[in-house]
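**Q** Line by line, the protein sequences give chains A and B. Residue numbering for the first sequence is 939 to 1076, as defined by my numbering. Residue numbering for the second sequence is 124 to 308, as defined by my numbering. This is the structure I have questions about; it appears just below.
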Amino acid sequence: MGKYIKFFLVGILFGIVLVKSEAVSWYRIFEMFKFQSFHMYGIIGTAILTGVVLLQVSKLKNIKTIEGSELNVPLKDRSFTRYILGGTIFGLGWALCGACPGPMYILLGTGAFSILIVIAAALLGTFVYGIFKNKLPH
Amino acid sequence: MDYILQPWPWYVSGPLIAIVMYLLLYFGRTFGMSSNLRTLCAIGGAGKHSDFFKFDWKSQRWNLIVVLGAIVGGFIAYFLLSNPINIDLNQNTVKDLDALGFENAGQSLLPPELFSWDNVLSLKGLLILIIGGFLVGFGTRYAGGCTSGHAITGLSSLQIPSFIAVIGFFLGGLIMIHLIYPILF
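Shown next, in the form of C-alpha cells:
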C-alpha cells in the first residue's frame, strides 16, 4: 500500500489541475477546435514547453528515477499510418463527447455520472481495437 | 485563497501538468491515461478474446491508483476548491453554441444538452455519448496513446510519432466540430 500512495497523490494533483484549468470542460474543447480562445493552446503549449525543459535538464544533470534507473521516456514505434488514422479517430471522438481519457475519470469525481456511459463505450472501443488489431494497417 | 477558488490560468495549469508527467517518470513510470482502458479490459477477461489483452495487468496497478487519485482530485477541486462554475468562454463561442441549440454555455463543466439524464436517455443523446466514447477508446489504442501519452509526454520528449498523432487528434476534432456538428445539431 505504501508504495502506491505517491501515485494516488500525483493522481489527485492531476485531477485538481484539470478541473481548475477547465480542461475537463466540454465547452473548452469546443472553443479550442473553433480557434476562439488561446486558453487550451496555452495549457497544452506551456505543458509541453515545461516538459521539454524538465526532460532536458534531467538529462543534463543525469537525474535517475527513485528506483535508480535511467529517467527516460519510452520511444514510440516508428510509423505513420497508425498515428494519423488512430489519431484522427481519437480526435473525432474527443470533439464529440468533449472528453479524452484523463478527464473521463476526473469528471466522475465532479459528480457527472453520465460520463460512465462514455467510459463504458471507450472500454468497448479499446476491446474492439484489440480484436481487430492484426487486421488494421499500422 | 481566492486565487485557488478562481479558475486557474493556462500558464499555471500547463506547467503543473508537466510536473505530473515528470513525477511519474521520476517514479519510474510514464504518463498515459488511456492505457488504463486496456488494463480494465484485461481485468474484465478480454485476454480470452485477443492476445492484445494478455499481459500482466497487475504491473499496471499503479496507473489505476493514479486514476483513483484523479477522481478524488476532481471531487476536491469541484466541491471544495471552486466558486460556482462560470467558464469565461469567448462570446463568439457562446453565440455559436446557442445557434446549435446549446443554451447558457459555460454555466457548468458539461452541457446539460448532452449530459443531463433526460438527454442521455434519449436515443440521439445516448448514441452521441456511446459513439464519442467508442471512437476515443478505439482511436487512442490504435494511435498508441492519448492527450497525456502523445500530446504531453510524446511532444515533451520530441518524438515524431507523437507529433503525427497530435496532428491526427486535431484533424479529427476539426472535422467533427466544423463539418459534422452542423449536421448533428
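Positions of the beta carbon are idealized from the N, C-alpha and C atoms, including for glycine.
Using beta-carbon positions only, say whether Ile1057(A) and Gly197(B) come within less than 9 Å of one another.
**A** As a working mapping, residue 1057(A) is identified with position 119 in the first sequence. As a working mapping, residue 197(B) is identified with position 74 in the second sequence. No, Cβ-Cβ distance for Ile1057(A) and Gly197(B) is not below 9 Å.
**Q** For Ser1017(A), which residues in the same chain have their Cβ closer than 7 Å to its Cβ, ignoring the five residues on either side in sequence?
**A** Start at 1 with the first residue of the first sequence, and residue 1017(A) comes out as number 79. Cβ within range, chain order: His1076.
**Q** With a cut-off of 9 Å, does the C-beta of Gly1024(A) fall near any C-beta of chain B?
**A** What you label residue 1024(A) is simply residue 86 of the first sequence in a count that begins at 1. Yes, Gly1024(A) counts as interfacial toward chain B.
**Q** Applying the 10 Å Cβ sphere with the 16-neighbour rule, what's the burial state of Gly295(B)?
**A** The count along the second sequence starts at 1 and reaches residue 295(B) at position 172. Burial call: buried.
**Q** For Gln93(B), count neighbouring Cβ atoms within 10 angstroms of its own Cβ and tell me buried if that reaches 16, exposed if not.
**A** An answer regarding residue 93(B) cannot be provided, because it is not within the stretch 124 to 308 covered by chain B.
**Q** Taking 8 Å as the threshold, find out whether the segment 1014-1028 of chain A comes into contact with the segment 178-192 of chain B through three or more Cβ pairs.
**A** The segment 1014-1028 of chain A is not in contact with the segment 178-192 of chain B.
**Q** Under 9 Å, CB to CB, which of the residues in the segment 1047-1065 of chain A have a partner in chain B?
**A** Cβ contacts with chain B come from Gly1047, Thr1048, Gly1049, Ala1050, Phe1051, Ser1052, Ile1053, Ile1055, Val1056, Ile1057, Ala1058, Ala1059, Ala1060, Leu1061, Leu1062, Gly1063, Thr1064 and Phe1065.
**Q** Taking the C-alpha atoms as reference points, what is the distance between Ser996(A) and Pro284(B)?
**A** Residue 996(A) sits at position 58 when you count from the first residue of the first sequence. Residue 284(B) sits at position 161 when you count from the first residue of the second sequence. Straight-line Cα distance between these residues: approximately 22 Å.
**Q** Can you check whether the C-beta of Gly953(A) is within less than 9 Å of a C-beta belonging to chain B?
**A** Residue numbering aside, residue 953(A) sits at position 15 when the first sequence is read from its first letter. Chain B contact via Cβ: present.
**Q** Buried or exposed: which applies to Gln214(B), given that a residue is buried once 16 or more other Cβ atoms fall within 10 Å of its Cβ?
**A** Here residue 214(B) corresponds to residue number 91 of the second sequence, with the count starting at 1. When all chains shown are included, Gln214(B) counts as exposed.
**Q** Please decide whether Ile300(B) counts as near chain A, where near means a Cβ-Cβ distance under 9 Å.
**A** Taking the first residue of the second sequence as position 1, residue 300(B) is located at position 177. Yes, contact with chain A.
**Q** Look up Tyr1002(A) in the DSSP assignment and say whether it is helix, strand or coil.
**A** The count along the first sequence starts at 1 and reaches residue 1002(A) at position 64. At residue 1002(A) the sequence reads Lys, which differs from the Tyr that was named. Three-state result, Lys1002(A): strand.
**Q** Is the beta carbon of Ile127(B) less than 9 Å from the beta carbon of Lys958(A)?
**A** Against the second sequence, residue 127(B) aligns to sequence position 4. Against the first sequence, residue 958(A) aligns to sequence position 20. Going by C-beta atoms, Ile127(B) is nearer than 9 Å to Lys958(A).
**Q** Out of curiosity, what's the CA-to-CA distance linking Val991(A) and Pro138(B)?
**A** As a working mapping, residue 991(A) is identified with position 53 in the first sequence. As a working mapping, residue 138(B) is identified with position 15 in the second sequence. Those two C-alpha atoms are separated by around 10 Å.
**Q** Taking only the alpha-carbon atoms, compute the straight-line gap between Leu1030(A) and Phe946(A) and give it to the nearest angstrom.
**A** Sequence index remark: in the first sequence, residue 1030(A) carries index 92 (1-based). Sequence index remark: in the first sequence, residue 946(A) carries index 8 (1-based). Whole-angstrom Cα-Cα distance: 31 Å.
**Q** List the residues of chain B whose Cβ lies closer than 7 Å to the Cβ of Leu992(A), in chain order.
**A** For the purposes of this step, residue 992(A) is identified with residue 54 of the first sequence, where counting begins at 1. Ala141 and Tyr145, listed in chain order.
**Q** Taking DSSP as the reference, what is the three-state secondary structure of Glu236(B)?
**A** Reading the second sequence from its first residue, position 113 is the one you call residue 236(B). Note: Glu236(B) maps to helix in three-state DSSP.
**Q** Note down the Cα distance separating Leu163(B) from Gly1068(A), rounded to an integer number of angstroms.
**A** The residue given as residue 163(B) occupies position 40 in the second sequence. The residue given as residue 1068(A) occupies position 130 in the first sequence. Whole-angstrom Cα-Cα distance: 13 Å.
**Q** Taking Val948(A) and Leu146(B) to be in contact with their CB atoms under 8 Å, please state how far apart those CB atoms are, rounded to whole angstroms.
**A** As a working mapping, residue 948(A) is identified with position 10 in the first sequence. As a working mapping, residue 146(B) is identified with position 23 in the second sequence. Their Cβ separation, rounded to whole angstroms, is 5 Å, which keeps Val948(A) and Leu146(B) in contact under 8 Å.
**Q** Near Lys1002(A), what residues of its chain come up, given a Cβ to Cβ distance below 8 Å and the 5 sequence neighbours on each side ignored?
**A** Reading the first sequence from its first residue, position 64 is the one you call residue 1002(A). So the list reads Glu1008 and Leu1009, once near-sequence residues are dropped.
**Q** May I have a chain-ordered list of the alpha helix (DSSP H) segments no shorter than 4 residues that lie completely inside the segment 960-1030 of chain A?
**A** 964-971 and 977-998, all fully within the segment 960-1030 of chain A.
**Q** Given a limit of 7 Å on CB to CB distance, which residues of the segment 996-1014 of chain A reach chain B?
**A** Residues passing the 7 Å Cβ filter: Thr1003, Ile1004, Glu1005, Ser1007, Leu1009, Val1011, Pro1012, Leu1013 and Lys1014.
**Q** Using a Cβ-Cβ cut-off of 9 Å, state whether Ser182(B) counts as contacting chain C.
**A** Absent from the structure: chain C. Protein chains present are A and B.
**Q** If I measure Cβ to Cβ from Ile251(B) and keep anything under 8 Å in the same chain, skipping five residues before and after, which residues do I get?
**A** Here residue 251(B) corresponds to residue number 128 of the second sequence, with the count starting at 1. So the list reads Leu237 and Leu307, once near-sequence residues are dropped.
**Q** Please confirm whether Ile306(B) has its beta-carbon closer than 9 Å to some beta-carbon of chain A.
**A** Counted from its first residue, the second sequence places residue 306(B) at position 183. Judged by the 9 Å Cβ criterion, Ile306(B) is not in contact with chain A.
**Q** Do you know how far the Cα of Arg264(B) is from the Cα of Phe1028(A)?
**A** By 1-based counting over the first sequence, the position of residue 1028(A) is 90. By 1-based counting over the second sequence, the position of residue 264(B) is 141. Each residue's alpha carbon lies about 9 Å from the other.
**Q** Using alpha carbons as the reference points, say which of Met978(A), Glu960(A), Lys941(A) and Ile943(A) lies closest to Phe293(B).
**A** Here residue 293(B) corresponds to residue number 170 of the second sequence, with the count starting at 1. Selected option, being the one with the closest Cα: Met978(A).
**Q** Compare the C-alpha of Leu148(B) against each of Lys171(B), His172(B) and Trp185(B) and name the closest.
**A** Taking the first residue of the second sequence as 1, we reach residue 148(B) at position 25. The residue with the shortest Cα to Cα distance from Leu148(B) is Trp185(B).
**Q** Would you mind giving the Cβ-Cβ distance between Gly1047(A) and Tyr201(B), rounded to the nearest angstrom? I have them listed as a contact below 8 Å.
**A** Within the first sequence, the letter at position 109 stands for residue 1047(A). Within the second sequence, the letter at position 78 stands for residue 201(B). Correct: roughly 7 Å between the Cβ atoms.
**Q** Could you say which of Ala169(B), Gly277(B) and His172(B) lies nearest to Ala985(A) if we only look at CA atoms?
**A** The residue labelled residue 985(A) in the question sits at position 47 within the first sequence. Of the listed residues, the one whose Cα sits closest to Ala985(A) is Gly277(B).
**Q** Please work out which residues of its chain come closer than 7 Å, Cβ to Cβ, to Tyr304(B), disregarding the five sequence neighbours upstream and downstream, and give them in chain order.
**A** Along the second sequence, read from residue 1 onward, the residue named residue 304(B) stands at position 181. Excluding sequence neighbours, Tyr304(B) sits near Leu223.
**Q** Could you tell me the distance, in whole angstroms, from the CA atom of Gly229(B) to the CA atom of Phe968(A)?
**A** For the purposes of this step, residue 229(B) is taken as the residue at position 106 of the second sequence. For the purposes of this step, residue 968(A) is taken as the residue at position 30 of the first sequence. In a straight line, the C-alpha of Gly229(B) is about 11 Å away from that of Phe968(A).
**Q** Anything in chain B within Cβ reach of Gly1029(A), meaning under 8 Å, just list it in chain order.
**A** Along the first sequence, read from residue 1 onward, the residue named residue 1029(A) stands at position 91. Residues of chain B passing the Cβ test: Gly262, Gly291, Phe292, Phe293, Leu294, Gly295, Gly296, Leu297, Ile298 and Met299.
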